[in-house]
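Q:
Numbering (my numbering), first residue to last: 24 to 164.
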């Protein structure tokens, strides 16, 4: 295991497992797989009054994927889909090397070490992409 990549903050997020388990009465559910590494996430989102009020997920994957799914369930409820999209853009900027940009929220900084491991970007991004697709599905219904 690469100590630099798997820092304690990532381990803590994955271990916390925020949002683990499926939601009943979800506004939308989406499942995505990462065929390169075997990560798989089924994510449920519940919306009310234009806000994301709950996220549940069944994540089978590496520590990074589980940490990102846990981050979403802990940080995103109470946000609008537009606010989530901003967080998604911030994560992309962080992974592309913009760690010193003040616009990146500090709660995303535990994912900074992943920047140097391009082959692992998909592990962190999979839960974000799954939520993005679930929100698109919910908006279409």
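Note that beta-carbon positions come from the ideal geometry of N, C-alpha and C, so glycine has one too.
For clarity, every value in this text was computed on a predicted model and none was experimentally measured.
Which of the three DSSP states is assigned to residue 83 in this structure?
A: Position 60 of the chain shown, counted from the start, is the residue given in the question as residue 83. Looking at residue 83 - three-state DSSP - the assignment turns out to be strand.
Q: Out of curiosity, what's the CA-to-CA distance linking residue 154 and residue 29?
A: Taking the first residue of the chain shown as position 1, residue 154 is located at position 131. Taking the first residue of the chain shown as position 1, residue 29 is located at position 6. Taking the straight line from one Cα to the other gives about 23 Å.
Q: Would you mind reading off the limits of the beta strand (DSSP E) that contains residue 35?
A: In the chain shown, residue 35 corresponds to position 12, counting from 1. That residue, residue 35, is in no beta strand (DSSP E); its alpha helix (DSSP H) goes 31-39.
Q: Measuring CB atoms only, is the stretch 58-66 touching the stretch 82-95, in the sense that at least three cross pairs come out at less than 8 Å?
A: Taking 8 Å as the limit for Cβ pairs, the verdict is that the stretch 82-95 does touch the stretch 58-66.
Q: Check whether the Cβ atoms of residue 132 and residue 113 sit closer than 7 Å, and answer yes or no.
A: Mapped onto the chain shown, residue 132 falls at position 109. Mapped onto the chain shown, residue 113 falls at position 90. No, the pair does not count as a contact, with Cβ atoms beyond the cut-off.
Q: Distance, Cα to Cα, residue 26 vs residue 77?
A: Here the question's residue 26 lines up with position 3 in the chain shown. Here the question's residue 77 lines up with position 54 in the chain shown. In this prediction, residue 26 has a pLDDT of 47, which is less than 50 and means its spatial position is unreliable; what the coordinates show is noted afterwards. The alpha-carbon atoms of residue 26 and residue 77 are separated by roughly 32 Å.
Q: Please classify residue 53 as buried or exposed, where buried requires at least 16 neighbouring CB atoms within 10 angstroms.
A: For the purposes of this step, residue 53 is taken as residue 30 along the chain shown, with counting starting at 1. It is buried - the Cβ of residue 53 has at least 16 other Cβ atoms within 10 Å.
Q: Name the residue from 48, 88, 92, 93 whose alpha carbon lies nearest to the alpha carbon of residue 161.
A: Taking the chain shown and counting its residues from 1, one reaches residue 161 at position 138. For residue 161, the nearest C-alpha among the options comes from 48.
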